[in-house]
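Student:
Numbering (my numbering), first residue to last: 74 to 376.
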């Protein structure tokens, strides 16, 4: 059996789950996940009864603490191929992964199969039908603001300034121009937590002003995602809603990383910040975190 210790929020959990299933496929070993309502390291919820309910038959009620399997700890942040021989699995009955495994390289080869396991396409289509219909005939760029508890963790997780978002818009404009794309009118669909809306609206106003000052500006319309209080949306649905947009400006967050990764647009433009972690986590090498087609964006204003 291949299993893992589930940690963190939804984005972190998806890295662990996709890596676990990929290893299971590679080693031809069954995979199981612990049926916990909360993850092991915090008050974050798991998603076995919602987004990941298709995995229910692979979820066990056995407490993770009672699983007697050798622990395979992530070596460091960058990608390291998981080296587990068939002999070890045969001898021990499996392995328990422990770590965040934040690289697409752990599961790229099995992405389609794993996505079928979780019924990803069906979930995205349901979200598209429910929340994205009004945007179907528009050009839409998602923009994610991750603030929340980062306010108290900026040595580890810095809050991105408006410069990053302006540079991202300009980068997308430049790429579209190089492709001779005629579409100049775009909707920026921005995502944030309710508690951060005042701070985010201030940033949005600054971004609007700066974009209007640029040469040959795009015709931009800014709209908060799912701002209708009568239409409640859960966090996992927001992630999938982001993935429905043509292009993605992500924050330094595994949440919007997955939204961009799930985006099936073959011509998608994904922008990510050049600085993912703060000084306290500067030892983390992020070279394997981003697919090569994504665009690294400066955090300082270009002259």
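We treat Cβ as the ideally placed atom computed from N, Cα and C, and that holds for glycine.
This one's a predicted model, so the numbers in the text were calculated from it and none came from an experiment.
(1) If we count the other Cβ atoms within 10 Å of its Cβ and call it buried at 16 or more, is residue 329 buried or exposed?
(2) So who's on the other strand from residue 343, going by DSSP bridges?
(3) Give the secondary structure of residue 330 by DSSP, where H, G and I count as helix, E and B as strand, and everything else as coil.
(4) Select from 261, 233, 341 and 284 the residue whose C-alpha is nearest the C-alpha of residue 350.
(5) Measuring alpha carbon to alpha carbon, tell me which residue in 169, 225, 146 and 273 is nearest residue 297.
(6) Can you tell me whether residue 299 is helix, strand or coil according to DSSP?
(7) Between the stretch 300-311 and the stretch 118-137, do at least 3 Cβ pairs fall closer than 8 Å?
(8) Taking Cβ positions, are residue 173 and residue 147 nearer each other than 8 Å?
(9) To which residues does DSSP link residue 215 through a beta bridge?
(10) Where does residue 77 fall in DSSP's three states?
(11) Bridge partners for residue 293 per DSSP, in chain order?
(12) Just to confirm the assignment, what range does the alpha helix (DSSP H) spanning residue 232 have?
(13) Would you mind reading off the limits of the beta strand (DSSP E) that contains residue 168?
(14) Between which two residues does the alpha helix (DSSP H) holding residue 187 run?
(15) DSSP three-state label for residue 359, please.
(16) Using a Cβ-Cβ cut-off of 6 Å (strictly less than) and excluding sequence neighbours within five positions of residue 198, which residues of its own chain qualify?
(17) Whole angstroms is fine: what's the gap from residue 200's alpha carbon to residue 281's?
(18) Check each candidate in 227, 130 and 102 and name the one with the smallest Cα separation from residue 191.
(19) Quick one: measure Cβ to Cβ for residue 152 and residue 372, integer angstroms, because I've assumed they're closer than 8 Å.
(20) For residue 366, which option in 356, 355, 339 and 354 has the closest C-alpha, if you only look at C-alpha atoms?
(21) Which residues in the same chain as residue 312 place their Cβ atom closer than 7 Å to its Cβ, once the five residues preceding and following it in sequence are excluded?
Tutor: Based on what the coordinates show:
(1) Start at 1 with the first residue of the chain shown, and residue 329 comes out as number 256. The residue is buried, with at least 16 neighbouring Cβ atoms inside 10 Å.
(2) On the chain shown, position 270 is the one that residue 343 refers to. Residue 343 is bridged to 321.
(3) Here residue 330 corresponds to residue number 257 of the chain shown, with the count starting at 1. Three-state DSSP puts residue 330 in a helix.
(4) Residue numbering aside, residue 350 sits at position 277 when the chain shown is read from its first letter. Ranking 261, 233, 341 and 284 by Cα distance to residue 350 puts 233 first.
(5) Walking along the chain shown from the start, residue 297 turns up at place 224. Considering only alpha carbons, the answer is 273.
(6) Within the chain shown, residue 299 is the residue found at index 226, counting from 1. Coil.
(7) yes
(8) Residue 173 sits at position 100 when you count from the first residue of the chain shown. Residue 147 sits at position 74 when you count from the first residue of the chain shown. Cβ atoms of residue 173 and residue 147: closer than 8 Å.
(9) Stepping through the chain shown from its first residue, residue 215 is reached at position 142. Paired residues: 262 and 321.
(10) Translated into the one-based positions of the chain shown, residue 77 becomes position 4. If DSSP states are grouped into helix, strand and coil, residue 77 belongs with the strands.
(11) Here residue 293 is taken as the residue at index 220 of the chain shown, counted from 1. Per DSSP, 259.
(12) Here residue 232 refers to the residue found at position 159 when the chain shown is read from its first residue. Careful: residue 232 lies outside any alpha helix (DSSP H) and carries neither H nor E.
(13) The residue you call residue 168 lines up with position 95 of the chain shown. Its beta strand (DSSP E) spans residues 168-171.
(14) Looking up residue 187 in the chain shown gives position 114. First-last of the alpha helix (DSSP H) with residue 187: 184-190.
(15) Locating residue 359 in the chain shown gives position 286, where the first residue counts as 1. In this structure, residue 359 counts as coil in the three-state DSSP scheme.
(16) Residue numbering aside, residue 198 sits at position 125 when the chain shown is read from its first letter. Nothing listed; no residue qualifies.
(17) As a working note, residue 200 is residue 127 in the chain shown. As a working note, residue 281 is residue 208 in the chain shown. Whole-angstrom Cα-Cα distance: 28 Å.
(18) Numbered from 1 along the chain shown, position 118 holds the residue referred to as residue 191. The candidate whose alpha carbon is nearest that of residue 191 is 130.
(19) Position 79 of the chain shown, counted from the first residue, corresponds to residue 152. Position 299 of the chain shown, counted from the first residue, corresponds to residue 372. In fact, because the Cβ distance is near 24 Å, the residues do not count as touching under 8 Å.
(20) Start at 1 with the first residue of the chain shown, and residue 366 comes out as number 293. Ranking 356, 355, 339 and 354 by Cα distance to residue 366 puts 339 first.
(21) Numbered from its first residue, the chain shown carries residue 312 at position 239. Same-chain partners within the cutoff: 83, 328, 331 and 332.
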